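Student: The structure that follows is given in the form of structure tokens.
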Amino acid sequence: MTTPANTTQRPASQSAPPGGLSRSMIWRWVLDMLPAMLTPFLGILAALVIIVLILEWQGADPQVAWDYLYEGTLEDNIRRADLVAYWMPLAVTSLGLVLTYTAGLWNIGVEGQLIMGAIGATWAVRLFAESDSPPLGLDLGRDGVLVMCFVFAALTAAFWALIAAVLKTRGGVNEIFGGVALNFIAQTFNMYLVSNGGPWQPTGSRATETARFPENARLPTFQDYRRLSPTTIYVTVGVFVVVVLIMYVSKWGLQLRAMGKNQHSAFLLGVRTERNVVLSMALCGAMAGLGGAYRVLAPDVSKLTAAPSGGIGFLAILVVLLASMSAVLIPFVSFVFAVLSKGGQRIESGFQWDYDIVLDRSLVRVLQSTVVLMVVLAFGARNRFFPPRSAQPPVDDDTNGDTNDG
Amino acid sequence: MHVELNHISKTFGRVRANQDITLGFEGGRIYAILGENGAGKSTLMKIMSGYQAADSGEVVVDGAAVDLHAPTDAIEHGIGMLYQDPLDFPPFTVLENFIAGRPGGFFLERHTARQHLNALIERFDFDLDPDAYVDMLTIGERQQFEILRLLSLNVRVLILDEPTTGISAGQKTALFNVLKSLARDEGMTIILVSHKLEDVIELCDEAYVLRRGRYVGHKNVPCPMSELVELMFGRVVARQERPPVSVGEPVLVVGGVSVESRRLTVDHVSLEVHAGEVIGLAGLDGSGQGELVRACTGLLRPTAGSIRINGQEMTGRPYPQFAQSGVAFLPAGRLEEGLIGSMTLTQHFALTLPTNRPWVNWFRAHRVTTERVQHFNVKGYPGSPVQTLSGGNQQRFALALLPDNLRLLLLENPTRGLDVESALYIWEQLLRRREDGTAIVFISPELDEIVAYSDRILVFFGGHTTLVDDPADMTANRLGELIGGRM
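Here the protein sequences line up with chains A and B, keeping their order.
For the first sequence, my numbering assigns the number 473 to the last residue and increments by one with no breaks.
For the second sequence, my numbering assigns the number 1135 to the last residue and increments by one with no breaks.
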């Protein structure tokens, strides 16, 4: 655990009763932590072996695949810019999920929340920026329009998350079931908006997407990389700081942790669990909504497509699981997943063009899922063979007295 | 058929549920396994019926040790158990349940099953409709059905776990008649697990008594109830003299409150608790004490009546409002509800210390933790996760976590699983709070504890309550009879 609690407790343990912080205690702590620290690496190692086997089976040279992975993501600045453009929505959505997963809420509905964010951003564009006659007659300028886009995205997505939260607290509907249903509705609603003469499909168009957003609804870009906007980076860094503060400094973060570990005890200890369920879901929704806004406002997209999320919501769930709900790990883990996604596309196209080997499109997803599966499996194996203290049955006294007492 | 339990031991963590228990059962007789809550009766019977495995020891059927890995193994050897909660599928009909529990091929064979079931119903003169849905049946009818089902599987030893809880007097008579005839006429072995002395004396031929996981004695029934009580509860401790504490104004007023528990409804409980008073709630497990206490903290909505705290109407208000009025509740399951096992002592204080700031002051939390932990003699470091503490220390820590100046403190089994010394320490702390005007209401399965510490006792039996105003001349024996239903 990387809580500040531990750092503040250091001096404490020294002043504590006999023994204090002896060498053997440190050694025991390291032994306790060792399996936990090695686990993810073992999982990744196992995943790599499986991936190599799959590639061999498909007749593709894993070495070449590795080169493509690098080439497609990190080789030159343009690739790197594309990678960052993909990384940002994934990171911001994963950061939101840290809040709900810490509180023990399996917010599967994040995919739908991201889609609703994309719809919300598009809605703001239509309200405040559409070229001919902004319906509200306001002229906010580009900055104002973009702010409204983010605000609308966050609010619509938070609203979508609130539905799941209220269904849970008031209706007793598990957030997983509510989320799955709401994902489906969000996707269908998005499809309705942009297809078959839907209200947001330009008249006469047959493409299932809106028209390209006007100039004053486009994110500013870097001079050299026209597909990457610095705005998304700033906003994501801001969200990162907020989530880190919540998780490691605020009392609310501690409450979320307590709820995730034992909601009933937390309630009896005075935590307003119901309110916190609603709040964390709404905040997570808002952050996923920002991710959705990045997706539609991306300089090379700039429109609401049939599938604005591209599965980033589901991918974010994998990221949070892999980062075991640690906010500070999210940037790294989401980066790895972004590399796998973008690089995977390059692996596929590279083999097709250079070697005439057709790899299945879903191979990328197989690669990502294999990593998660193997890491989760590694955690499971660790819990089985090296049970952490928390997994051991509570120690209870009997008439023979407490041997735990020093 | 002759069944023996040889040197059965079973531990859960560090709790020794059964310690080297050896018992024998003959055909044609009705046995009672007697003991207070937590004496190890249910554990022993679950081992005998294959529901759980013993750590050591063996079950011997007709001279041969048998391996019981699942209830079906036990049934194959002729041992069947009727659990406290009927093991049926409520959305199915009686007939469907009957078929579900039968070994058989792929096809349902409804017709033969129905004939079989009807024959059994006729034989015992039960009033069961094979096509009725099980969730429409009463607990008593579900028991009847469960017995028929076990009989149809050719069970020769029938174990019943607290079968008379939640059934009517008429159903009880019918049940006892059937059990008697099964033993007398069919030579079956009947084993009744109970802590109700009335039932035991009415039905059984012999009684085995367990106490704290050990077999402590055997009696041929009928015998005087007091002999059984003495075996169950051990020596009876005289009530300790305590300095009288001046009793203040009423803190908690319970007016005609009805609460629904899992199986029974407790009707019209009225109780007035004054500042500085200690009230003990006595009763068999699940007689509604837990529900009443939860109603007094806003965790359970009473179906009728009113609850006033400090003269303020609080019925139906949520738990946080009760907490704000100075009511605290310590449930029995320390790590299940009350503390968060994997969080450290400091984190607990950080979570509960009142503050207006949105961030955690870890230094303050740490300072307070160190102080309180020392004051309450909790053996553990501020950075230790709570689950690494021993049970006694967990309980001490739970007390340390409570704010000062409480108006009302409700406790469920405050000394559960503690050794005598720890229990005494806990009570010392509790009685000290009393001097600050805190009223204490506690539930305990230990009658000695109730008699020793209560100013008044509320006894729960069969959905009714009896208030004992002056426990000075109340002994654990007499209390045991009261909670067993003998007025």
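Quick reminder that beta carbons are idealized off the backbone N, C-alpha and C, glycines included.
If you're wondering where the values come from, they're calculated on a predicted model, not measured in any experiment.
May I have the straight-line CA-CA distance separating B:F977 from A:G337, to the nearest angstrom?
Tutor: To locate residue 977 of chain B, count along the second sequence from 1; it is residue 329. To locate residue 337 of chain A, count along the first sequence from 1; it is residue 270. Approximately 11 Å between the Cα atoms of the pair.
Student: Could you check whether the Cβ of A:K370 sits closer than 8 Å to any Cβ belonging to chain B?
Tutor: Within the first sequence, residue 370 of chain A is the residue found at index 303, counting from 1. So, not an interface residue.
Student: Quick test of your reading: A:N283 and A:P375, contact by CB under 8 Å. State the CB separation rounded to the nearest angstrom.
Tutor: As a first step, residue 283 of chain A must be located in the first sequence, where it is residue number 216. As a first step, residue 375 of chain A must be located in the first sequence, where it is residue number 308. Contact doesn't hold; Cβ gap of about 20 Å is too wide.
Student: In the DSSP assignment, what residue or residues form a beta bridge with B:S906?
Tutor: Residue mapping note: residue 906 of chain B aligns to position 258 of the second sequence, counting from 1. DSSP, once it has assigned bridges, lists B:A952 as partnering B:S906.
Student: Of all the options A:D367, A:Y168, A:A220, A:N329, which has the alpha carbon lying nearest to the alpha carbon of A:R193?
Tutor: For the purposes of this step, residue 193 of chain A is identified with residue 126 of the first sequence, where counting begins at 1. If we check each option's Cα against that of A:R193, A:A220 comes out closest.
Student: Please determine, among A:A360, A:P297, A:S296, the residue with the shortest C-alpha to C-alpha distance to A:A225.
Tutor: To locate residue 225 of chain A, count along the first sequence from 1; it is residue 158. Comparing Cα-Cα distances from A:A225 to each of A:A360, A:P297, A:S296, the minimum goes to A:A360.
Student: Find the residues of chain B that neighbour A:K328, judging by a C-beta separation of less than 8 Å, and give them in chain order.
Tutor: The sequence position of residue 328 of chain A within the first sequence is 261, counting from 1. In chain order: I988, G989, S990, M991.
Student: What is the rounded straight-line gap between the Cα of A:F244 and the Cα of A:L440?
Tutor: Locating residue 244 of chain A in the first sequence gives position 177, where the first residue counts as 1. Locating residue 440 of chain A in the first sequence gives position 373, where the first residue counts as 1. Going from the Cα of A:F244 to the Cα of A:L440 covers about 22 Å.
Student: Here's the rule I'm using: 16 or more other beta-carbon atoms within 10 Å means buried, otherwise exposed. How should B:L1072 be labelled?
Tutor: To locate residue 1072 of chain B, count along the second sequence from 1; it is residue 424. Exposed, because fewer than 16 other Cβ atoms sit within 10 Å of the Cβ of B:L1072.
Student: Excluding sequence positions up to five away, which residues of its chain have a Cβ less than 8 Å from the Cβ of B:S697?
Tutor: Residue 697 of chain B sits at position 49 when you count from the first residue of the second sequence. Around B:S697: L716, P719, A722, I727, G728, M729, I807.
Student: Check distances from the C-beta atoms of the region 724-754 of chain B to those of chain A and list, in chain order, the residues that come in under 9 Å.
Tutor: Per Cβ criterion, the list is empty.
Student: Please return the same chain residues whose Cβ sits closer than 8 Å to the Cβ of B:R1126, not counting the five positions on each side in sequence.
Tutor: Mapped onto the second sequence, residue 1126 of chain B falls at position 478. No residues qualify anywhere along the chain.
Student: Tell me whether A:V368 sits in a helix, a strand or coil according to DSSP, three-state version.
Tutor: On the first sequence, residue 368 of chain A is found 301 positions in, with the first residue counted as 1. Of the three classes helix, strand and coil, the one that applies to A:V368 here is coil, per DSSP.
Student: B:Y1101 to B:S690, Cα distance in whole Å?
Tutor: For this step, residue 1101 of chain B is matched to residue 453 along the second sequence. For this step, residue 690 of chain B is matched to residue 42 along the second sequence. Going from the Cα of B:Y1101 to the Cα of B:S690 covers about 29 Å.
Student: Between the region 1087-1110 of chain B and chain A, which residues of the former have CB atoms less than 7 Å from a CB of the latter, in chain order?
Tutor: Cβ contacts with chain A come from no residue of the region 1087-1110 of chain B.
Student: Exposed or buried, A:C320, counting other C-beta atoms within 10 Å across all chains shown (16 or more means buried)?
Tutor: Counting from 1 along the first sequence, the entry for residue 320 of chain A is found at position 253. Inspection of the sequence shows that residue 320 of chain A is occupied by Gly rather than by Cys. Burial call: buried.
Student: Check this for me: beta carbons of A:V316 and B:V907, under 8 Å apart or not?
Tutor: In the first sequence, the residue the question calls residue 316 of chain A occupies position 249. In the second sequence, the residue the question calls residue 907 of chain B occupies position 259. No, these two residues do not count as a Cβ contact at 8 Å.
Student: Are B:D936 and B:V914 closer than 8 Å when you measure CB to CB?
Tutor: Reading the second sequence from its first residue, position 288 is the one you call residue 936 of chain B. Reading the second sequence from its first residue, position 266 is the one you call residue 914 of chain B. Looking at the sequence provided, one finds Gly at residue 936 of chain B rather than Asp. Contact: yes.
Student: Kindly give me the distance between the Cβ atoms of B:E854 and B:R677, rounded to whole angstroms, as I take these residues to be in contact under 8 Å.
Tutor: As a position in the second sequence, residue 854 of chain B is number 206, starting the count at 1. As a position in the second sequence, residue 677 of chain B is number 29, starting the count at 1. B:E854 to B:R677, Cβ: 6 Å. Contact.
Student: Using three-state DSSP, classify B:H650 as helix, strand or coil.
Tutor: Working through the second sequence from its first residue, we reach residue 650 of chain B at position 2. Three-state result, B:H650: coil.
Student: Hey, how far is the Cα of B:T1000 from the Cα of A:I313?
Tutor: Position 352 of the second sequence, counting from 1, holds the residue named residue 1000 of chain B. Position 246 of the first sequence, counting from 1, holds the residue named residue 313 of chain A. Their Cα atoms are separated by approximately 17 Å.
Student: How would you list, in chain order, the residues of chain B whose beta-carbon sits under 9 Å from the beta-carbon of A:R193?
Tutor: Numbered from its first residue, the first sequence carries residue 193 of chain A at position 126. Per Cβ cutoff of 9 Å: no residues; A:R193 is ~37 Å from chain B at best.
Student: Quick one: Cα of B:L830 to Cα of B:R804, how far?
Tutor: Position 182 of the second sequence holds residue 830 of chain B. Position 156 of the second sequence holds residue 804 of chain B. Cα to Cα, the separation comes out at about 9 Å.
Student: Compile a chain-ordered list of the residues in the region 328-344 of chain A whose CB is closer than 8 Å to at least one CB of chain B.
Tutor: Here the close residues are K328, N329, H331, S332, A333, F334, L335, L336, G337, V338, R339.
Student: May I ask which residues mark the beginning and end of the alpha helix (DSSP H) holding A:E282?
Tutor: Position 215 of the first sequence, counted from the first residue, corresponds to residue 282 of chain A. Per DSSP, A:E282 belongs to no alpha helix (DSSP H) and is neither H nor E.
Student: Measure the beta-carbon distance from A:K328 to B:M836 and round it to whole angstroms, keeping in mind my assumption that it falls under 8 Å.
Tutor: The residue labelled residue 328 of chain A in the question sits at position 261 within the first sequence. The residue labelled residue 836 of chain B in the question sits at position 188 within the second sequence. Actually they are not in contact, since the Cβ atoms of A:K328 and B:M836 sit about 49 Å apart, beyond 8 Å.
Student: Determine whether the beta carbon atoms of A:N543 and A:D291 lie at a separation below 8 Å.
Tutor: Residue 543 of chain A is absent from the model: chain A starts at 68 and stops at 473.
Student: Three-state secondary structure (DSSP) at B:S918?
Tutor: In the second sequence, counting from the first residue as 1, residue 918 of chain B sits at position 270. Here B:S918 sits in strand by DSSP.
Student: Return the chain-ordered ranges of every alpha helix (DSSP H) run that is complete within the region 973-1011 of chain B and spans a minimum of 4 residues.
Tutor: The qualifying runs are 993-1000.
Student: What residues from chain A crowd round B:T1003, counting only those whose CB sits closer than 8 Å?
Tutor: Your numbering for residue 1003 of chain B matches position 355 in the second sequence. K318, listed in chain order.
Student: Is there a Cβ from chain B that is less than 8 Å from the Cβ of A:A325?
Tutor: Here the question's residue 325 of chain A lines up with position 258 in the first sequence. Output row for A:A325: interface = yes.
Student: Does DSSP put A:G473 in a helix, a strand or coil?
Tutor: As a working mapping, residue 473 of chain A is identified with position 406 in the first sequence. Bear in mind that a pLDDT of 28 at A:G473, under 50, signals an unreliable position, so the number given afterwards is only what the model happens to contain. The answer is coil: DSSP assigns A:G473 none of H, G, I, E or B.
Student: Name the chain B residues whose beta carbon is nearer than 9 Å to that of A:L321?
Tutor: Within the first sequence, residue 321 of chain A is the residue found at index 254, counting from 1. In chain order: M991, Q995, A998, L999, V1008.
Student: Strictly under 8 Å for the Cβ-Cβ distance: is A:V462 near chain B by that measure?
Tutor: What you label residue 462 of chain A is simply residue 395 of the first sequence in a count that begins at 1. Residue placement at A:V462 is flagged as unreliable, the pLDDT there being 38, under the threshold of 50; the coordinate-derived value follows with that caveat. Yes, its Cβ sits closer than 8 Å to a Cβ of chain B.
Student: Sorted by chain position, which residues of the same chain lie with C-beta nearer than 7 Å to A:N343's C-beta, five sequence neighbours on each side aside?
Tutor: As a working mapping, residue 343 of chain A is identified with position 276 in the first sequence. Closer than 7 Å at Cβ, skipping near neighbours: A170, Q322, L323, M326.
Student: Between B:G818, B:T659, B:D1118, which lies nearest to B:I1098 when the distance is taken from Cα to Cα?
Tutor: As a working note, residue 1098 of chain B is residue 450 in the second sequence. Minimum Cα distance to B:I1098 is reached at B:D1118.
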